[in-house]
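Engineer: For reference, the structure I am asking about is given below.
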Amino acid sequence: MMTLTSYLMISTFLFLCGLVAVIARKNLIAVLLGIELILNASALNFVAYTRFVNNNLDGHIFPLFIIIVAAAEAAVGLAIVIRFFQIRESIHIDDATQLQS
Amino acid sequence: MDNVIFIISTILTVGGALCVLLTKNVMHACVYLLTCLLGVAGLYVTLGADFVAATQLAVYVGGVVILMVFAVMLTGGPNSQSSNKFGIVKIPMMGNAKTYIIGIISAVIFGLMAYKVLSRVITSIQAGEAPVFTETVEKIGFMLVTDHVLAFEISSVLLLGALVGAAIIARPKRGV
Amino acid sequence: MNNTIVSYLSQFESYKGLLESFSSLFGEAGPGLLTFLVFLIGCILVVTVMATIGGLGTYAERKISADMQARMGPNRVGPYGLLQFLADGVKMFLKEDITPNTADKFIFGLAPLLALVGVFGTLAVLPFSSGFTLSNLNVGVFYLIGIGSLVGVAIFLGGYASNSKWSMLGGMRGASQIISYEIPVVLSLMAIVLMSGSLNFGGLVGAQGGLPQEWFIFHNPFTFIGFFVFFIGALAETNRAPFDLPEAESELVSGYHTEYSGMRFAFFALAEYIEVFVVCGVGAAAFLGGYKVPFNLGGEGIIGQVLQVLVFFGKTLALYYLVIMIRWTYPRLRVDQLMTLCWKYLTPMAIFNLIGCALWIYLLDSKSMWDMLAAFVGSMGTGGGH
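Residue numbers (our numbering), protein chains in the order written: chain E, 1 to 101; chain R, 102 to 277; chain X, 278 to 663.
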């Protein structure tokens with residue numbers, strides 16, 4: 001049951017869910033949720049390959065950096081969303097149409 | 102017996118991801134993301150990556166999800182309705198049918214691409230005996246300060262930049 | 278990789294006999310089933326004991342506060358009022374479960390459960406004794422920090438879901454307080470992890486001894502300060518003592534659990550009391566020598582294990598008494614004073630601690646102050662005695 005194929009299928013499914021969320025949602029924060037799903041899918045891929053192919057621990061260190069970068073990027077992204085809300089009073093993507101107000 | 106944790110974690114992950122996609126309420130979506138991240142931490146545990154699982158728990162569950170929930174509340178809450186320039190009130194969370202069709206088409210294209218790449222990889226890698234679980238904390242710590250020390254230091258500068266930048270960007274404008 | 282209670286028990290002959298019988302009964306799934314059963318019984322035991330301690334915590338708080346205020350606490354329900362917490366529990370069972378009409382029903386129901394999950398998950402790594410730790414994870418300290426942050430999420434969700442202004446304010450203040458005070462707590466624990474060299478609780482406690490001079494709190498001036506930073510931060514993490522603005526009774530009409538009644542409120546209260554026990558346990562294990570018995574009485578057998586459990590509970594309950602005393606002594610901090618205390622005072626002190634501990638280990642080869650004092654007195658006695 002716990003073969004490499006099953007982990008790869010789970011990570012592909014996570015990636016696809018994140019992809020559809022990024023493309024199809026119209027709330028800025030929902031798009032950021034989709035980005036988190038995509039990053040988690042890629043980190044899961046790394047760890048799965050480490051276990052089943054070679055036990056090189058580089059495959060554990062890179063997911064650590066993915067987690068760190070994802071947290072930093074979520075913080076900055078949400079700060080931008082809050083600033084956008086302060087200017088436009090809305091977090092709908094379709095209202096983000098002008099470069100400078 | 103040892104497949105039980107794998108099955109539970111898979112259900113949490115896959116169910117959480119699907120529910121993030123399908124719900125109408127952004128606060129519910131954050132809770133489902135929390136479930137999904139807990140499931141991924143469980144999957145890391147089944148793969149023998151104990152330090153990565155603990156980091157996932159501490160950073161994502163204790164950091165990113167709280168951040169998302171705060172941002173939802175600071176931007177008007179999940180029941181905010183916005184009317185665009187034509188005066189039509191829209192629920193910001195769901196897209197219309199056009200975006201979902203585009204999303205699903207791109208997902209199908211990407212899924213087929215991934216299948217084509219992965220099928221060759223899967224048939225060529227014969228997974229032999231899975232290695233015994235070892236403790237990874239010491240080895241990861243050692244590698245972080247010898248092989249990967251540059252990435253380690255740069256990531257600390259990155260986090261400092263993100264901290265200061267996020268604080269400045271989100272600060273309410275005072276005065277002029 | 279890990280020591281668990283199963284690996285401890287498998288040293289005994291009776292366990293091996295049980296293993297044989299299970300293998301013969303269930304074939305291949307036998308050992309897994311037996312492991313699962315042992316863990317199940319262990320978890321049920323720990324959860325029951327902890328829930329009782331949570332309940333007795335309410336009773337102890339009322340009695341100790343009464344003692345400090347020169348009155349009698351509850352003394353009617355049982356001998357010395359000991360069954361008061363059972364009466365309170367029955368009362369909460371029988372209360373009507375009200376859900377506000379405009380509340381978010383899914384999150385309203387989920388928040389107390391998340392709080393309990395976060396707290397009960399930390400019980401898995403608490404070092405009760407060298408053999409009875411449910412699971413001595415290799416990343417124990419880190420896992421505890423991660424699971425403990427679920428309580429912050431639960432408080433925020435509880436405040437949001439009640440759809441009332443008081444609860445929302447209490448929830449936001451509570452969550453920001455918890456995530457702010459995680460930083461001094463984690464940094465102080467990291468100084469101890471540096472000194473003991475491993476993230477698992479068995480290693481943390483094993484690096485200390487039984488007698489007070491071998492505890493980590495008296496090892497360094499830096500760990501001494503670190504203990505107080507950890508203690509203050511832990512008080513703020515559990516929304517307790519002078520930091521209980523999120524649930525302040527006189528200010529926010531009970532904060533984030535205003536709209537909860539009956540069993541849901543009991544879940545929040547139970548989670549708070551058990552979390553106080555857990556952080557006192559972590560403080561006792563990391564700074565005060567954990568389960569180590571002075572002079573290693575009792576050895577390694579069952580008597581030794583029981584003595585270790587008693588020593589651990591004694592130290593933890595002493596810290597618990599201190600927590601209760603502090604609550605009824607000091608006035609409440611305002612929310613800006615709270616944030617100032619964390620970011621301007623405790624975090625720089627914790628960072629300074631960490632650097633100081635690292636320097637102490639590097640320069641002085643991690644000898645404790647007692648060792649250096651003993652060596653100095655010894656050399657003075659033999660060298661310069663007139």
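Beta carbons: idealized from backbone N, C-alpha and C, even for Gly. In this text the structure is predicted, and so the values were computed from the model without any measurement.
Quick check on residue 472(X): buried or exposed, where buried means 16 or more other Cβ atoms within 10 Å of its Cβ?
Structural biologist: By 1-based counting over the third sequence, the position of residue 472(X) is 195. Under this definition residue 472(X) is a buried residue.
Engineer: With DSSP collapsed to three states, give me the class of residue 27(E).
Structural biologist: On the first sequence, position 27 is the one that residue 27(E) refers to. Looking at residue 27(E) - three-state DSSP - the assignment turns out to be strand.
Engineer: With respect to 7 angstroms, is the separation between the Cβ of residue 658(X) and the closest non-hydrogen atom of the ligand GDP below this value?
Structural biologist: For the ligand GDP, the structure offers nothing, since it holds no ligand at all.
Engineer: At a CB-CB cut-off below 9 angstroms, which residues of chain E make contact with residue 148(R)?
Structural biologist: Along the second sequence, one-based indexing puts residue 148(R) at 47. Neighbours of residue 148(R) on chain E, chain order: 2, 7, 44, 47, 48, 50, 51 and 52.
Engineer: Taking 6 angstroms as the limit between beta carbons, can you name the residues of its chain near residue 277(R), skipping five residues before and five after?
Structural biologist: Counting from one through the second sequence, the residue named residue 277(R) turns up at place 176. Its pLDDT being 43, under 50, residue 277(R) is placed unreliably in this model, and the coordinates cannot settle the point.
Engineer: At 8 angstroms on the CB atoms, spell out the chain R contacts of residue 437(X), in chain order.
Structural biologist: Taking the third sequence and counting its residues from 1, one reaches residue 437(X) at position 160. The contacting residues are 128, 170 and 174.
Engineer: Could you tell me whether the Cβ of residue 270(R) comes closer than 8 angstroms to any Cβ of chain E?
Structural biologist: Indexing the second sequence from 1 puts residue 270(R) at position 169. It does; some Cβ of chain E falls within 8 angstroms.
Engineer: Compare the beta carbon distance of residue 33(E) and residue 14(E) with 8 angstroms and say whether it is the shorter of the two.
Structural biologist: Taking the first sequence and counting its residues from 1, the one referred to as residue 33(E) is at position 33. Taking the first sequence and counting its residues from 1, the one referred to as residue 14(E) is at position 14. The answer is no: Cβ separation not under 8 angstroms.
Engineer: Considering only the alpha carbon of each residue, which of 347(X), 350(X), 329(X) and 624(X) lies closest to residue 669(X)?
Structural biologist: Since the displayed chain X opens at 278 and closes at 663, residue 669(X) lies outside it and no answer follows.
Engineer: Against chain R, does residue 104(E) count as a neighbour if the rule is that its beta carbon must be under 8 angstroms from one of theirs?
Structural biologist: There is simply no residue 104(E) to check, as chain E begins at 1 and stops at 101 in what is shown.
Engineer: Would you please verify whether the beta carbon of residue 109(R) is less than 8 angstroms from any beta carbon of chain X?
Structural biologist: Within the second sequence, the letter at position 8 stands for residue 109(R). So no, residue 109(R) is outside the interface.
Engineer: Skipping 5 residues on each side, what residues in its chain have a beta carbon closer than 7 angstroms to that of residue 119(R)?
Structural biologist: What you label residue 119(R) is simply residue 18 of the second sequence in a count that begins at 1. Contacts found: none.
Engineer: Is residue 281(X) helix, strand or coil by DSSP?
Structural biologist: For this step, residue 281(X) is matched to residue 4 along the third sequence. Of the three classes helix, strand and coil, the one that applies to residue 281(X) here is strand, per DSSP.
Engineer: Specify whether the stretch 404-423 of chain X and the stretch 479-497 of chain X touch according to this definition: at least 3 beta carbon pairs, one from each stretch, less than 8 angstroms apart.
Structural biologist: Verdict: yes, contact present.
Engineer: Tell me whether the stretch 442-459 of chain X and the stretch 612-627 of chain X touch, counting them as touching only if at least three CB pairs, one residue from each stretch, are closer than 8 angstroms.
Structural biologist: Short answer: they touch.
Engineer: With a floor of 4 residues, list each alpha helix (DSSP H) that falls wholly inside the stretch 421-503 of chain X, ordered by position along the chain.
Structural biologist: Counting only runs of 4 or more, we get 427-438, 442-473 and 478-483.
Engineer: State the CB to CB distance for the pair residue 133(R) and residue 124(R), rounded to an integer number of angstroms; the pair is presumed to be in contact (CB under 8 angstroms).
Structural biologist: Reading the second sequence from its first residue, position 32 is the one you call residue 133(R). Reading the second sequence from its first residue, position 23 is the one you call residue 124(R). That belief holds up - the Cβ atoms of residue 133(R) and residue 124(R) are roughly 7 angstroms apart, short of 8 angstroms.
Engineer: How is residue 4(E) classed by DSSP in three states: helix, strand or coil?
Structural biologist: Working through the first sequence from its first residue, we reach residue 4(E) at position 4. Three-state DSSP puts residue 4(E) in a helix.
Engineer: Exposed or buried, what is residue 314(X) when buried is set at 16 or more other beta-carbons lying within 10 Å of its beta-carbon?
Structural biologist: Here the question's residue 314(X) lines up with position 37 in the third sequence. By the 10 Å Cβ count, residue 314(X) comes out exposed.
Engineer: For residue 92(E), which beta-bridge partners are listed by DSSP?
Structural biologist: In the first sequence, the residue the question calls residue 92(E) occupies position 92. Paired residue(s): 27(E).
Engineer: Do you know whose CA, among 7(E), 29(E) and 16(E), lies nearest residue 173(R)'s CA?
Structural biologist: In the second sequence, residue 173(R) corresponds to position 72, counting from 1. Residue 173(R) has its Cα closest to that of 29(E), out of 7(E), 29(E) and 16(E).
Engineer: Among the residues of its own chain, which have a CB less than 7 angstroms from the CB of residue 296(X), if the five just before and after it don't count?
Structural biologist: In the third sequence, counting from the first residue as 1, residue 296(X) sits at position 19. These residues qualify, in order along the chain: 308 and 311.
Engineer: Residue 2(E) and residue 107(R): beta carbons closer than 8 angstroms?
Structural biologist: As a position in the first sequence, residue 2(E) is number 2, starting the count at 1. As a position in the second sequence, residue 107(R) is number 6, starting the count at 1. In contact: residue 2(E) and residue 107(R) (Cβ atoms closer than 8 angstroms).
Engineer: Measure the Cβ-Cβ separation of residue 588(X) and residue 607(X) and say whether it is below 8 angstroms.
Structural biologist: The residue you call residue 588(X) lines up with position 311 of the third sequence. The residue you call residue 607(X) lines up with position 330 of the third sequence. Against a cut-off of 8 angstroms, the Cβ pair of residue 607(X) and residue 588(X) comes out as no contact.
Engineer: What would DSSP say about residue 289(X), mapped onto helix, strand or coil?
Structural biologist: Counting from 1 along the third sequence, the entry for residue 289(X) is found at position 12. Residue state, collapsed to three classes: coil.
Engineer: When you compare the CB of residue 86(E) with every CB in chain R, is at least one pair closer than 8 angstroms?
Structural biologist: If you number the first sequence from 1, residue 86(E) lands on position 86. Closer than 8 angstroms: yes.
Engineer: Between which residues of its own chain and residue 293(X) is the CB-CB distance below 8 angstroms, once the five residues before and five after are set aside?
Structural biologist: If you number the third sequence from 1, residue 293(X) lands on position 16. Within the same chain, residue 293(X) has close Cβ partners 287.
Engineer: Residue 165(R) lies in the alpha helix (DSSP H); which residues open and close that run?
Structural biologist: Indexing the second sequence from 1 puts residue 165(R) at position 64. No alpha helix (DSSP H) holds residue 165(R); DSSP gives it neither H nor E.
Engineer: Touch check for the stretch 61-71 of chain E and the stretch 240-253 of chain R: three-plus C-beta pairs under 8 angstroms?
Structural biologist: Touching, yes.
Engineer: Work out the CA separation of residue 468(X) and residue 493(X) for me, nearest whole Å.
Structural biologist: Translated into the one-based positions of the third sequence, residue 493(X) becomes position 216. Translated into the one-based positions of the third sequence, residue 468(X) becomes position 191. If you take the alpha carbons of residue 493(X) and residue 468(X), they lie about 10 angstroms apart.
Engineer: Between residue 278(X) and residue 454(X), what straight-line distance do the alpha-carbon atoms span, to the nearest angstrom?
Structural biologist: Reading the third sequence from its first residue, position 1 is the one you call residue 278(X). Reading the third sequence from its first residue, position 177 is the one you call residue 454(X). Bear in mind that a pLDDT of 43 at residue 278(X), under 50, signals an unreliable position, so the model cannot answer this.
Engineer: Could you tell me the boundaries of the alpha helix (DSSP H) in which residue 567(X) lies?
Structural biologist: Taking the third sequence and counting its residues from 1, the one referred to as residue 567(X) is at position 290. Residue 567(X) -> no alpha helix (DSSP H), and no H or E assigned at all.
Engineer: Give the straight-line distance between the Cα atoms of residue 99(E) and residue 210(R), rounded to the nearest whole angstrom.
Structural biologist: Looking up residue 99(E) in the first sequence gives position 99. Looking up residue 210(R) in the second sequence gives position 109. Rounded to whole angstroms, residue 99(E) to residue 210(R) spans 32 angstroms at the Cα level.
Engineer: Is residue 465(X) near residue 627(X), with beta carbons less than 8 angstroms apart?
Structural biologist: On the third sequence, residue 465(X) is found 188 positions in, with the first residue counted as 1. On the third sequence, residue 627(X) is found 350 positions in, with the first residue counted as 1. For residue 465(X) and residue 627(X), yes; Cβs fall inside 8 angstroms.
Engineer: Reducing DSSP to helix, strand and coil, say where residue 573(X) ends up.
Structural biologist: In the third sequence, counting from the first residue as 1, residue 573(X) sits at position 296. Three-state result, residue 573(X): helix.
Engineer: My understanding is that residue 609(X) touches residue 522(X), with C-beta atoms under 8 angstroms, so please give their C-beta distance in whole angstroms.
Structural biologist: Looking up residue 609(X) in the third sequence gives position 332. Looking up residue 522(X) in the third sequence gives position 245. Going by Cβ atoms, the distance from residue 609(X) to residue 522(X) rounds to 6 angstroms, so yes, they are a contact pair.
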